[in-house]
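Under this note's numbering, the letters of the sequence shown match residues 15 to 330, in that order.
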Amino acid sequence: MTPSAVRHFLRDDDLTPAEQAEVLALAAELKKNPFARRPLEGPRGVGVIFDKNSTRTRFSFELGIAQLGGHAVVVDGQTTQLGRDETLGDTGRVLSRYVDAIVWRTFGQRRLEEMAATATVPVVNALSDDFHPCQVLADLQTITERKGEVNGLVLSYFGDGANNMAHSLLLGGVTAGMHVRIAAPAGFQPAAEVLAAARVRAAETGGSVTLTDDPYTAADEADVLVTDTWTSMGQESDGLDRVAPFRPYQINAGLLAYAAADAIVLHCLPAHRGEEVTGEVLDGRQSAVWDEAENRLHAQKALLVWLLEYEGAQRR
Ligand code: CP
Ligand code: NVA
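So this is what it looks like as structure tokens:
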């Protein structure tokens, strides 16, 4: 098989709008019937590598792979030969001889691209510095459950507009036809390349992208309010003030009052009550964060089934 027959999921716009809708429909099916699909029966293997901490991603991938009939080899990247400078290219080639997919949480997006360049099995981004696309599939599933649809809804994100969640919500949101508003302070706005890609995708789907530094403008009549930590993994010592500039962007009862009356609140977790979101909102009736966390399991299973079937279809 040539590497070109393999589909990877390194960022949200690696799926077309129609493909993303297929994955989300499958996620809803798998939530109802968790053991219906067994593409990894054997068990066939999936490599799940972590270069950063994780609770949800680790549990949901390991269990999800088992539910698909497979076996997850879960490793801390530092304990593999990657931690002793074996090249990403060689690692991609070798792992492809063992496993049917590689799921990887790491730092730079470039690392994922390098692994994918030689892997002959799908590579899935389980969070990088730049994107967290598996999370956004779960977010879209959660929004669909609560609202009946995603297309045309307004999703507003508050806080670090330059981080992985902001980028993935931009790309994944407009792919689903959403109107994505990013409210972020100066110096923490999304990367120009991601904004440009999101605008191109929005033009295809009827979605839109709005950038503002005013949280109240972003919250106005919004259907979905989302936030994330002000300090992402790896940014702990970047020398930037990651508190004062973000305080006005906290999701609290006052900000939520500007949103639609039936707005929901999402957070990928882990949350910092009293910083990016108040405990009152996170634990309140409009919060959907626990369903959102659960949906990581269903959405990622659907993604793996979709990727494996796509590969299988190309091979036939
Ligand atoms: N939301 C998320 O990815 O959580 P973990 O870091 O716990 O995997
Ligand atoms: N932006 C956060 C997301 C954690 C799931 C981080 O990268 O740490």
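Here a beta-carbon is modelled for each residue, glycine too, at the ideal position from N, C-alpha and C. Keep in mind that this is a model prediction, so the values were computed, not measured.
Excluding the 5 residues flanking Asn-309 on each side, which residues of the same chain have their C-beta closer than 6 Å to its C-beta? Ala-152, Gln-155 and Thr-156.
Using the Cα positions of Val-295 and Glu-325, report the straight-line distance between them to the nearest angstrom. Whole-angstrom Cα-Cα distance: 42 Å.
Sheet register partners of Ser-170 (DSSP bridge): According to DSSP, which records beta bridges pairwise, Ser-170 is partnered with Arg-195 and Leu-239.
Beta-carbon contacts of Gly-166 that lie in its chain and below 7 Å, excluding the five residues immediately before and after: The residues Gly-191, in chain order, have a CB closer than 7 Å to that of Gly-166 in the same chain once the five nearest residues on each side in sequence are set aside.
Sort Ala-236, Asp-104 and Ala-180 by Cα distance to Leu-269 and report the nearest one. If we check each option's Cα against that of Leu-269, Ala-236 comes out closest.
Best match in Asp-65, Gln-149, Gln-123 and Glu-218 for proximity to Trp-304 [C-alpha to C-alpha]: Out of Asp-65, Gln-149, Gln-123 and Glu-218, Gln-149 has the C-alpha closest to the C-alpha of Trp-304.
Excluding sequence positions up to five away, which residues of its chain have a Cβ less than 6 Å from the Cβ of Thr-132? Excluding residues within five positions, the ones whose Cβ falls inside 6 Å are Gly-103, Gly-106 and Arg-107.
Use the C-beta contact count for Arg-98: other C-beta atoms within 10 angstroms, 16 or more gives buried, fewer gives exposed. Counting the other Cβ atoms within 10 Å of the Cβ of Arg-98 gives fewer than 16, which makes it exposed.
Paired residues, beta bridge with Ile-265 - DSSP: DSSP, once it has assigned bridges, lists Val-291 as partnering Ile-265.
Does the stretch 275-289 touch the stretch 230-244, meaning 3 or more C-beta pairs lie closer than 8 Å? At 8 Å Cβ cutoff, the stretches touch.
Residue nearest to Thr-219 in terms of C-alpha spacing, selected from His-193, Pro-204 and Tyr-230: Checking every option, the nearest Cα to that of Thr-219 belongs to His-193.
Sort Thr-94, Leu-209, Ala-233 and Met-247 by Cα distance to His-181 and report the nearest one. It is Leu-209.
For Asp-153, verify whether its CB is less than 7 Å away from any heavy atom of ligand 2. Asp-153: no, Cβ never under 7 Å from ligand 2.
Which value, in whole angstroms, describes the spacing of the CA atoms of Ala-130 and Ala-233? Those two C-alpha atoms are separated by around 38 Å.
Beta-carbon gap between Leu-239 and Asp-27 smaller than 8 Å: Asp-27 sits away from Leu-239, with the two beta carbons spaced by 8 Å or more.
How about Leu-141: is its Cβ closer than 7 Å to a heavy atom in ligand 2? Yes - ligand 2 has a heavy atom lying nearer than 7 Å to the Cβ of Leu-141.
Using C-beta distances below 6 Å, list every residue in its chain close to Val-138, excluding the 5 sequence neighbours before and after it, in chain order. Here Val-138 has Phe-23 and Val-117 as same chain residues with Cβ atoms under 6 Å from its own Cβ, once five neighbours each way along the sequence are excluded.
Can you list, in chain order, the residues of its chain with a C-beta nearer than 6 Å to that of Leu-311? Leave out the 5 residues immediately preceding and following it. Take Leu-311, set aside five residues on each side of it, and the residues of its chain with a beta-carbon closer than 6 Å to its own are Ser-74 and Gly-78, in chain order.
Extent of the continuous alpha helix (DSSP H) to which Phe-121 belongs: Judged by DSSP secondary structure, Phe-121 falls outside any alpha helix (DSSP H); it is assigned neither H nor E.
Rounded straight-line distance, which links the Cα of Val-164 to that of Ile-379: Nothing in the structure corresponds to residue 379, since the chain is present only between 15 and 330.
Nearest neighbour of Ala-307, chosen from Lys-45, Ala-35, Ala-39 and Ala-32 [CA to CA]: Of the residues Lys-45, Ala-35, Ala-39 and Ala-32, the one whose Cα lies closest to the Cα of Ala-307 is Lys-45.
Residue from Arg-51, Ser-68, Gln-92 and Ala-32 with nearest C-alpha to Ser-84: Residue identity differs from the one stated: residue 84 is Gly in this sequence, not Ser. The closest CA to that of Gly-84, considering only Arg-51, Ser-68, Gln-92 and Ala-32, is found on Arg-51.
Taking C-beta to C-beta, are Leu-82 and Leu-318 nearer than 8 Å? Contact: yes.
Using only the alpha-carbon positions, how far apart do Lys-161 and Thr-93 sit? In a straight line, the C-alpha of Lys-161 is about 43 Å away from that of Thr-93.
At a threshold of 7 Å, does Gln-123 count as lining ligand 1 (C-beta to nearest heavy atom)? Because no heavy atom of ligand 1 lies under 7 Å away, the Cβ of Gln-123 does not count as near it: no.
Classify Val-257 as helix, strand or coil using the three-state DSSP reduction. Secondary structure at Val-257: coil, using DSSP grouped into helix, strand and coil.
Could you tell me whether any non-hydrogen atom of ligand 2 is closer than 7 Å to the CB of Asn-177? Flag set: Cβ of Asn-177 near ligand 2.
With a threshold of 6 Å on Cβ separation, who are the neighbours of Val-62 within its own chain once the five nearest residues in sequence on each side are excluded? Only Phe-75, Ala-86, Val-88 and Val-117 meet the Cβ criterion.
Cβ separation of Asp-90 and Phe-64, assumed to be a contact under 8 Å, to the nearest whole Å: With a Cβ gap of about 6 Å, Asp-90 and Phe-64 count as contacting.
Residue range of the beta strand (DSSP E) that Asp-104 falls in? Counting along the chain, Asp-104 falls outside any beta strand (DSSP E), though it belongs to the alpha helix (DSSP H) covering 102-110.
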